Amino acid sequence: EQAGFHLPPGFSIDLFASEPMIAKPLNMAWDKKGRLWVTSTTEYPYPAKDGNGKDQVLVLEDTDGDGSADKRTVFADGLNIPMGLLPLQDGAIVFSIPNLVRYYDDDGDLRADRQEVLLGPFDTSRDTHGMVNALRRGDDGWVYACHGFNNRSTITDKSGDSIYLESGNVFRFTPDGQHVELYTRGQVNPFGMTRDAWGRWYTADCHSKPLTALLAGGCYQSFSRPHDGLGFAPEMMQHLHGSTAISGVHLYDQSQFPAAYRNRFYSGNVMTSRINCNRLLRSGATVTAAEAADFLTSDDPWFRPVDIQVGPDESLYVADFYNKIIGHYEVPLDHPGRDRTSGRIWRISYAENTTRQSPSLQHDTDDLSTVEDLVDAAQNGSPLVSARAYRLAAHAPRFRFGEHDWAVLLRLATEQLATSIESPSAKSLLLVEFLGTHGEAETAIDLLESVSKCEDRTLRQALRIAARDLLQNDEILAETHSNLFVSGRSVSGRSLEDVRSAYLAILPAIGSGKATAQYVSTINARSDASPAAQEQAIELALNWLSNRRDPGSGDNDSILRDCLSLIAVRYSDSIVDEADAIVKLLRSIHPAHVQGDKVRAAHAKIAKQVNGKLANQLKESPATVYWNGDWPQGKRRNASGIEQFYQSSFPLGEKFVGKATSQAFAVPKELSFELVGHNGPPSEPDQQLNFVRLVDSNGSELIRAYPPRSDIAKRVVWDLSSIDEKMVHFEAIDGDSAGAYAWIAFGSFSLAELNRNASLRLVKLLQALANSNVDYSKTLDRISSRSLYAAAVQLPREPQLAILAGALKQDGQIVSAELVRFALAEKVDVDFARYWNSESETVAMLIPAAKGVLRSVETTRHPKLSRLLLATSRGCELLAQLVADGVIGPLSLGERPELIAPVSGTTKEVLSAAFAEQQSVSASSGSIEARVANLDWESAQNTVGESVFKQKCAVCHQLGGEGALIGPQLDGAIKRSRGRLAEDIMLPNLNVDRAFRTTLLLLDDGSVVSGMLVGEDERALSIVKADGKRVEIAAERVDERRESKSSLMPTGLADDLTDQQLASLLTYLTWLGRQGDKK
1213 EQAGFHLPPG FSIDLFASEP MIAKPLNMAW DKKGRLWVTS TTEYPYPAKD GNGKDQVLVL
1273 EDTDGDGSAD KRTVFADGLN IPMGLLPLQD GAIVFSIPNL VRYYDDDGDL RADRQEVLLG
1333 PFDTSRDTHG MVNALRRGDD GWVYACHGFN NRSTITDKSG DSIYLESGNV FRFTPDGQHV
1393 ELYTRGQVNP FGMTRDAWGR WYTADCHSKP LTALLAGGCY QSFSRPHDGL GFAPEMMQHL
1453 HGSTAISGVH LYDQSQFPAA YRNRFYSGNV MTSRINCNRL LRSGATVTAA EAADFLTSDD
1513 PWFRPVDIQV GPDESLYVAD FYNKIIGHYE VPLDHPGRDR TSGRIWRISY AENTTRQSPS
1573 LQHDTDDLST VEDLVDAAQN GSPLVSARAY RLAAHAPRFR FGEHDWAVLL RLATEQLATS
1633 IESPSAKSLL LVEFLGTHGE AETAIDLLES VSKCEDRTLR QALRIAARDL LQNDEILAET
1693 HSNLFVSGRS VSGRSLEDVR SAYLAILPAI GSGKATAQYV STINARSDAS PAAQEQAIEL
1753 ALNWLSNRRD PGSGDNDSIL RDCLSLIAVR YSDSIVDEAD AIVKLLRSIH PAHVQGDKVR
1813 AAHAKIAKQV NGKLANQLKE SPATVYWNGD WPQGKRRNAS GIEQFYQSSF PLGEKFVGKA
1873 TSQAFAVPKE LSFELVGHNG PPSEPDQQLN FVRLVDSNGS ELIRAYPPRS DIAKRVVWDL
1933 SSIDEKMVHF EAIDGDSAGA YAWIAFGSFS LAELNRNASL RLVKLLQALA NSNVDYSKTL
1993 DRISSRSLYA AAVQLPREPQ LAILAGALKQ DGQIVSAELV RFALAEKVDV DFARYWNSES
2053 ETVAMLIPAA KGVLRSVETT RHPKLSRLLL ATSRGCELLA QLVADGVIGP LSLGERPELI
2113 APVSGTTKEV LSAAFAEQQS VSASSGSIEA RVANLDWESA QNTVGESVFK QKCAVCHQLG
2173 GEGALIGPQL DGAIKRSRGR LAEDIMLPNL NVDRAFRTTL LLLDDGSVVS GMLVGEDERA
2233 LSIVKADGKR VEIAAERVDE RRESKSSLMP TGLADDLTDQ QLASLLTYLT WLGRQGDKK
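According to our numbering, the sequence shown holds residues 1213 to 2291 in order.
Rendered as structure tokens:
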């Protein structure tokens, strides 16, 4: 292995330790005496049963100075996949499943004599290859640590305070376990951490960006997780080093390496068996990473650098997990090819400067040991020393300040920040962090004023975070609000309105009832408030009200009253167009919230406005085509200067990736429509990720159009006279996950039935307004049954169909038949649980309606209806009757779901017998091999493969920084063989990362919801469904929960591809994998 390493000239690599002295190393740390501590495992990747662990913490020493370890001491054993560790003067802190434990060496023999659980238990049930790692002691007295991928931990410190860690996060705790805090939110799987001279932390991330510069209190991107209301903190790099498996990082600023190799990040890439290199660049307070040539490459693919530390001799020490298999999910954990005992530690040095001496690794902290030292250093020290003083003052618990000391430091920090806004530096961030931790109401104003002036993107975000943290104090919030909107405190160098705007932009991120009430009240009181501000206030209010169960609080009454008033004003002339927003608000209101005459009056005012509009709007409402993935309405101007409403991905966020698809419709001779939106910044080439197209019943594209890369809609005209297809679908695809110039919108079709009809939104409003006791009978009398069935299938809760059937009894058969037709449609799901109502004549007509429809369509479409019906007990009864009547045969049921609604008696007997008769329809490995073997590889084209990827895969997967982060990133997956990639595509349920498995929920109404679980707390579960939409389900509604072994990825994906498309996709992916190997 050593002979296969390649380093720049002048560098050498030597073996410091290997098996059997150590097993497989995970994390390393040096103590103040120059000894290397290592967590060593043979258990990984399976955690041992309680009390049966065999893993160890080892202490290695080079006693003769020859550059390799010759003494090994077992500090602690019987551990369970120990990961992070931190040596202390009297022992060490170690993470071993499931706790962070402090081990004490009472007699100084370098062996643990007793132990104490500091924090835990941490969740390790979902993943064991990240967990708690990279323990780092800050000079502020805190221990910083990474929390790894997918696990969800609620941790309580000894003082009783708790934090919740969902997947990747960075947190910190005191060495005695008395306090624990969340330091940053987000990232996917941080593994490895390093610090610069200014005290700023950087992490390596094993599934997103290789390097992240941490901003205290910041939020970073992760899988399907929203930001904190202030937006994501700035990224420091975009390149990925051809892998999503970065482990361990060190920022080298020591003197042994030549100057050209200092001020660089060295990070382990376990996928490519390399050590990557990036130069640290500074511009003001913002840091970026410039990609440099790989520092080390290896001819041995078993080389797996998982941790990198600098030693007392200023050499780099690399923990090598030496293994044939490194992926935690790509290969079964029990695969016999996994090595469990081999491990190495390598020492990289620059030969000319190598020293055998061992200088102390202890940081000099004695120079700032008193409050007086800190105040003096803050005022008179160099920028680096002054910054460190503020960092210690902000966080170090050992200092005890008096009021005078605080006053002096606050004054100094405020003065120094004011002078540094125009020329920001790394010190500026420490000033802001101090002010955000210990400031007052006047400080909040100063920070807000600085936000309005600052142009440095990192410092600006830090200022917003600091202001948010101060305003979380209700007293500071109240005084700040009074200063800005009552007394009108003067500000310097910027208008008061600019500072007010900065304040209002931060309020929604605070998350308190007081802040929400202040924001909604302020916007409601301002006659000049923009429509966007009004809509944000409405959104904030409805989110707050829907998640709080304290209807008696004054804040909630105020929020509701002001929000309803805003609704009445904002949507007075456009109630129909804005019906979606009104529905969301009304559904969020708990009935007990409607208290007081003012609240009821505002509620009734909206109800009357809507009722009056509905009567007129529905009178001539034409039939409409159903849209799957129906996008919200967005207003844009067309070429004539007229503002129109279009179906738009913009309201879903520019990073949104997904599509809207129409129900099948008869192809006209010509189709025209208006199209607006972008495909990347105007100064860059057209990425062509956003587009609309017409497809046939098999999904094959017939014609395509791209947005005009403008906010002005253009008219598109398609001549379809030469198309032979009878039925087609219109698709709009947003495939661009960038943060700007990444949306598309469409509408104003020449074919009237394609235009988004008012019926859907209006019927939703009928249900949402039901609690207002308004008489809807006159409105319902005017509703055409044929114009309502398309809307009915999308209504979110019962008794929508009952409402319609009650008013339209004569047309119940039509509504029932249309429900079944929609259920059989290729891309439309119908939740029949919404319509089960024994008093509804329409429900009683479902069985004869289903018989009539099912007998008129091909049997290959029957399994779709079966799957939908099996989600409810009433649906199972209906399905059993259809089977008993011979309408659906046993072989047309499709595969049996892993979880079906509870049934008994005759229903259970009929369905059990039917499933017992059916044969397996699962694809076999043999069929995959046969199809792949018969593919014509010479006809495969990368351009076709890239197009297929963007259309079929990028909706859920990210590759090379492009695509959505719903499923796993694929930068590492494309290194696999062509045969394995074919297997992954054609049999997606064979090897499924537990993080991306489907979760099935049985709800209290008997219905079943399935999708990928992406978030969970004590209140609710967040599920991403197969169409990419995220839904929130109250935890109290879940009666049963089961994790399926199946993937959210559709099993029939390959069946929708032609042989040429499949060959091109596989060729394109393997080609990309080879390009990454050449980097």
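Glycine included, C-beta positions come from ideal geometry on N, C-alpha and C. Treat the numbers as computed from the prediction; the structure is a model and nothing was measured.
Simplified DSSP assignment, three categories, for residue 1268: Residue 1268 carries a strand assignment under DSSP once its states are collapsed to helix, strand and coil.
As assigned by DSSP and simplified to three states, the class of residue 1617: Shown here, residue 1617 sits in a helix according to DSSP, grouped into three states.
Beta-carbon separation (whole angstroms), residue 1753 vs residue 1732, contact threshold 8 Å: Correct: roughly 5 Å between the Cβ atoms.
CA nearest to the CA of residue 1598, picked from 1608, 1580 and 2237: When each option's Cα is compared against that of residue 1598, the closest is 1580.
Residue 1295 and residue 1344 closer than 8 Å at C-beta: Against a cut-off of 8 Å, the Cβ pair of residue 1344 and residue 1295 comes out as a contact.
Start and end residues, beta strand (DSSP E) containing residue 1857: Note, residue 1857: beta strand (DSSP E), 1855-1860.
Alpha-carbon to alpha-carbon, residue 1385 and residue 1466: Just so you know, the alpha carbons of residue 1466 and residue 1385 end up roughly 28 Å apart.
Pick from 1539, 1632, 1393 and 1755 that is closest to residue 1482, judged by C-alpha positions: With distances taken between Cα atoms, residue 1482 lies closest to 1539.
Residue environment, residue 1354, which counts as buried when at least 16 other CB atoms sit within 10 Å: It is buried - the Cβ of residue 1354 has at least 16 other Cβ atoms within 10 Å.
Beta-bridge pairing of residue 1734 - partner residues as DSSP gives them: Paired residue(s): none; residue 1734 is not in a bridge.
Distance CB(residue 1714)-CB(residue 1641) smaller than 8 Å: In terms of Cβ geometry, residue 1714 and residue 1641 do not form a close pair [threshold 8 Å].
Integer-rounded CB distance, given that residue 1741 should sit under 8 Å from residue 1735: Yes, residue 1735 and residue 1741 are in contact; Cβ-Cβ is about 5 Å, under 8 Å.
Separation of residue 2283 from residue 1516, as counted between CA atoms: Straight-line Cα distance between these residues: approximately 24 Å.
Bounding residues of the alpha helix (DSSP H) (the contiguous stretch that carries residue 1236): From DSSP, residue 1236 is part of no alpha helix (DSSP H) but of the beta strand (DSSP E) over 1236-1242.
Cβ contact (3+ pairs, closer than 8 Å) linking the stretch 2120-2129 and the stretch 2235-2250: By the criterion of at least three beta-carbon pairs nearer than 8 Å, the stretch 2120-2129 is not in contact with the stretch 2235-2250.
Candidates 1855, 1890 and 1932: closest to residue 1882 by CA position: Closest by C-alpha distance to residue 1882, out of 1855, 1890 and 1932, is 1932.
Inter-stretch contact (C-beta, 8 Å, three-pair minimum) for the stretch 1911-1923 and the stretch 1863-1875: Output reads no: the stretch 1863-1875 does not touch the stretch 1911-1923.
Backbone CA spacing between residue 1451 and residue 1503 [nearest angstrom]: Using only the alpha carbons, I get a separation of about 8 Å.
For residue 1423 and residue 1178, believed in contact at Cβ under 8 Å, the rounded distance: Outside the displayed range of the chain (1213 to 2291) lies residue 1178, so it cannot be described from this structure.
Those residues which DSSP pairs with residue 1478 across a bridge: Answer is 1462 and 1489.
First through last residue of the beta strand (DSSP E) which encompasses residue 1713: Careful: residue 1713 lies outside any beta strand (DSSP E), inside the alpha helix (DSSP H) at 1708-1718.
First and last residue of the uninterrupted alpha helix (DSSP H) at residue 1649: In the DSSP assignment, residue 1649 falls within the alpha helix (DSSP H) that extends over 1638-1650.
For residue 2060, the three-state DSSP class (helix, strand or coil): Residue state, collapsed to three classes: helix.
Coil, strand or helix - residue 1985 by DSSP: The pLDDT assigned to residue 1985 is 36, lower than 50, so where the model puts this residue is not dependable; a value taken from the coordinates is nonetheless given after this. It is coil, neither helix nor strand.
C-alpha gap between residue 1446 and residue 1953, whole angstroms: C-alpha separation (whole angstroms): 18 Å.
Residue of 1652, 1532 and 1248 minimising C-alpha distance to residue 1523: Comparing Cα positions, the closest option is 1248.
Residue 2012 - DSSP class collapsed to helix/strand/coil: With a pLDDT of only 42 at residue 2012, under 50, the local geometry of the prediction cannot be trusted, and no value is derived from it.
Beta-carbon contacts of residue 2166 that lie in its chain and below 6 Å, excluding the five residues immediately before and after: Only 1947 and 2175 meet the Cβ criterion.
Residue of 1349, 1304 and 1341 minimising C-alpha distance to residue 1327: Nearest to residue 1327 by C-alpha distance, out of 1349, 1304 and 1341, is 1304.
Option in 1739, 1744 and 1730 with minimal Cα separation from residue 1773: Out of 1739, 1744 and 1730, 1730 has the C-alpha closest to the C-alpha of residue 1773.
Residue 1512 and residue 1485 closer than 8 Å at C-beta: For residue 1512 and residue 1485, yes; Cβs fall inside 8 Å.
Reduced DSSP secondary structure (H/G/I, E/B, other) of residue 2142: If DSSP states are grouped into helix, strand and coil, residue 2142 belongs with the helices.
Minimum C-alpha distance to residue 1711 - residue among 1697, 2278 and 1886: Closest by alpha carbon: 1697.
Exposed unless 16 or more other CB atoms sit within 10 angstroms - verdict on residue 1396: Residue 1396 should be labelled buried.
Among 1419, 1505 and 1498, the one whose alpha carbon lies nearest that of residue 1490: Among 1419, 1505 and 1498, the Cα nearest to that of residue 1490 belongs to 1505.
Contact under 8 Å by Cβ, residue 1300 with residue 1306: Remark: C-beta atoms of residue 1300 and residue 1306 do not approach each other more closely than 8 Å.
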